[in-house]
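What follows is a single structure, written as structure tokens, with notes after it.
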Amino acid sequence: MNKLMAFWSILTKDMKNYYLKPPNISWGIIFPISWTLMFFIKSDSTVDLRQILPGVMALSILFGTTSMLAVTITFERKSRSFERLLLAPISLNLLMLAKTTGAIFFGIINAFIPLLFASLMIDLSGINWLTTFLGVVLIAVTSTFLGLLIAVSVSEVFEAQTFSNFFRFPMMFLCGLFIPLEKLPVFLQPLSYVLPLTYGADLLKFAINSAGSIRLWVSLLVLIGYALVLFLISTHNIKRKWIY
Amino acid sequence: MNIIEVKKLTKKFGDFTAVNGISFSVKKGEVFGFLGPNGAGKTTTINMLTGLAKPSAGEIRIAGYDGSKEIKKVQQIIGIVPDESNLYDEMSGLDNLLFCASLYGMKKEVREKRAKELLEQFSLADTGKRPFKAYSKGMKRKLTIAAGIIHHPAILFLDEPTTGIDVESARQIRRLIKELNAQGTTIFLTTHYIEEAERLCHRLGFIVAGKVIKVSEVQALMEEAQQENVVEFRTEPNGLDLEKKLVRVFPKIRIKASTGHSIRITSQEPIELMPFMKFFAQEGIKVSEAKIIRPSLEDVFVKITGIGIDKLKKEKEGKRR
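Going down the list, the sequences are from chains A and B.
In this text, residue positions in the first sequence follow our numbering: the first is 1, and each later residue adds one.
In this text, residue positions in the second sequence follow our numbering: the first is 1, and each later residue adds one.
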């Protein structure tokens, strides 16, 4: 019970202090709109909104979660308020789950904003909602834990942003959202299959447009595996670097 | 009864040994002062005791718990006030306290009552709803201490609690430390201010270059220091060879400090002033003042650590900035 109370307090503190701040709410709205407009411009206004929806949702989650988590944790480390959490009588795993849950929620909300906008413009019937939700949650979890790994690897806020982009941009172009995986150069294709976003994006394509190319259970397992590995590496690094 | 026991504690960072096999204990209910210059290993020791650093070797026992293996149990009964205020800037003073209380599993009604109580006790009740970032340095310090004791810890670690704050806030914090101790809280205090340690602590541990070189009761240290007799003569500018002549004529004295226009001598035996006055007259040096100095804890610190007070004062200034 005590542990749950600490978990809840950390989560609500982060939501209030970081994720529900007006600039972040507006980011959550502006970012998907910008992506949608970008696709419109690129395709001379003949874009099929439903076709681009999985991509816009996946990128909204990826950019929202990795940035926010990496920046907030690095910021708290710099101001030394993170030490207060490390010195609290709660386990490191619970602490890091509490710290990341806010970003996961933020990512999930970010994903549903383009979906909400799309629902006003196009027919969304035929979507497998359960798989969509599962896909959104798993992309949010893996992206957040990627953000955690980045936060543990840097010491400055600007480094967190730079390092995030080092992962995000290659992932954006290699995950099959812009260019289908089979049309990528042969030497890049194996790289695509190493990226968690490839499986997340495919899951959303399958759920929204019945168009995925990877088996559903493979994507689910790979994403869960990625989430576990990223979390374990991050907590291991925290023990090694921050509880020195 | 010892509430903290440290045996052969060592912390290495690569080839550098920050803390080198130190051993000491802290008695339940006492204020234990940990003194030493910057970089001596004070904060590293606190970090190991509180779970923010892992010892390279040695043993820590806090209230019967193994400090390495049962650190989460230890953290439940200790409070920590770091050398820099580290609460959340955007949150109000009250919200900061409520958040810290919830980390220790305190129920809503209990933490609300306790937070309000502490704001009153620390004279922060009027500013409880103001964001932490709008607080003055002294107020921030007080709130950080309040956050450290919100869960009624049995032991409170205070790292440089009054460094860099105004005189009034420092005085108030010292009073609060005394009150806390009177209520039964064991206090582990590190400070640069020798006079603060003298006023607050029951016992002191001196750490220099990662080694604890002395642990003793303040009273005993004072008595030890006062066994020495010190006299200072203020003179017109004198030459360096005066020191040599003085030691030659009075072989039982030691020259403690000499600035060119003052000279401080020390001896284990009582010092008679007349022979010295005659000596100065013979040398043609005019003495404007001769005073007996009562050795203080600062003198003990200098004697034990071999570190000049001037250096310590410079460090204090540096910390204040």
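Just so you know, even glycine gets a beta-carbon here, dropped at the ideal spot from N, CA and C.
Item, Value
"Does methionine 121(A) get closer than 8 Å to chain D when you measure Cβ to Cβ?", "Protein chains A and B are contained in the structure displayed, whereas chain D is not."
"Any chance you could list the alpha helix (DSSP H) runs of at least 4 consecutive residues sitting entirely within the segment 175-255 of chain B, in chain order?", "194-200, 218-226, 241-249"
"Could you check the C-alpha separation between alanine 101(B) and isoleucine 4(B) for me, to the nearest Å?", "24 Å"
"Select from Asp89(B), Lys7(B), Met1(B), Gly21(B) the residue whose C-alpha is nearest the C-alpha of valine 208(B).", "Gly21(B)"
"Based on the DSSP output, what are the partners of lysine 11(B) in its beta bridges?", "Val19(B)"
"At least one CB of chain B closer than 8 Å to the CB of glutamate 83(A): is that the case?", "yes"
"Counting Cβ pairs closer than 8 Å, one from the segment 128-138 of chain B and one from the segment 22-33 of chain A, do we hit at least three?", "no"
"Which class does valine 74(B) belong to by DSSP, given the choice of helix, strand or coil?", "helix"
"Starting from the beta carbon of leucine 52(B), find every residue of chain A whose beta carbon is closer than 7 Å, and list them in chain order.", "Glu83, Leu86, Leu87, Ile243"
"By the three-class DSSP mapping on this structure, what secondary structure does tyrosine 18(A) have?", "helix"
"Give the residues from the segment 65-77 of chain B that approach chain A closer than 7 Å (Cβ to any Cβ), ordered along the chain.", "Lys72, Gln75, Gln76"
"Do alanine 197(B) and leucine 35(B) come within 8 Å of each other at the CB atom, strictly closer than that value?", "yes"
"Beta-carbon of lysine 78(A) versus every beta-carbon of chain B: anything under 8 Å?", "no"
"Return the bridge partner residues of aspartate 83(B) from the DSSP annotation.", "For aspartate 83(B), which the question treats as bridged, DSSP gives no partner whatsoever."
"Interface residues of chain B around isoleucine 90(A) at Cβ under 8 Å?", "Lys72, Leu103"
"To the nearest angstrom, how far is the alpha carbon of valine 31(B) from that of glycine 184(B)?", "10 Å"
"So serine 267(B) and asparagine 229(B) are in contact, right, with Cβ under 8 Å, and what is the actual spacing, rounded?", "5 Å"
"Helix, strand or coil: how does DSSP classify arginine 320(B) here?", "Confidence at arginine 320(B) is low in this model, with a pLDDT of 49, below 50, so the placement of that residue is unreliable and no value is reported for it."
"Given a limit of 9 Å on CB to CB distance, which residues of the segment 188-199 of chain B reach chain A?", "none"
"Give a yes or no on whether 8 Å exceeds the smallest Cβ distance from asparagine 2(A) to chain B.", "yes"
"Tell me which residues share the same chain as isoleucine 80(B) and place their Cβ nearer than 7 Å to its Cβ, disregarding the 5 neighbours each side in the sequence.", "Thr50, Gly148, Phe157"
"I'd like to check one pair, threonine 131(A) with alanine 207(A): are the Cβ atoms closer than 8 Å?", "yes"
"With DSSP run on the structure shown, which of helix, strand or coil describes serine 91(A)?", "coil"
"Do you know offhand how far serine 136(B)'s Cα is from proline 161(B)'s?", "15 Å"
"Could you check the C-alpha separation between alanine 63(B) and arginine 171(B) for me, to the nearest Å?", "30 Å"
"If we define contact as Cβ-Cβ less than 8 Å, is proline 153(B) a contact residue for chain A?", "no"
"Tell me, please, which residues DSSP counts as bridged to aspartate 159(B).", "Thr190(B)"
"Which residue comes first and which comes last in the alpha helix (DSSP H) that contains phenylalanine 132(B)?", "Element bounds for phenylalanine 132(B): n/a, residue is neither H nor E."
"Going by DSSP, which residues form a beta bridge with asparagine 2(B)?", "Lys27(B)"
"Give me the Cα-Cα distance between alanine 33(B) and arginine 294(B), rounded to the nearest whole angstrom.", "Before going on, a small fix: residue 33(B) reads as glycine here, not alanine. Using only the alpha carbons, I get a separation of about 22 Å."
"Regarding alanine 147(B) and the ligand MN, is the C-beta to nearest heavy atom distance less than 7 Å?", "The model on display carries no ligand, and the ligand MN is accordingly not part of it."
"Name the chain A residues whose beta carbon is nearer than 7 Å to that of tyrosine 88(B)?", "Asn17, Ser81"
"For serine 9(A), count neighbouring C-beta atoms within 10 Å of its own C-beta (all shown protein chains included) and say buried if the count is 16 or more, exposed if not.", "buried"
"Thinking C-alpha only, which one of Ile271(B), Val212(B), His261(B) is nearest valine 231(B)?", "Ile271(B)"
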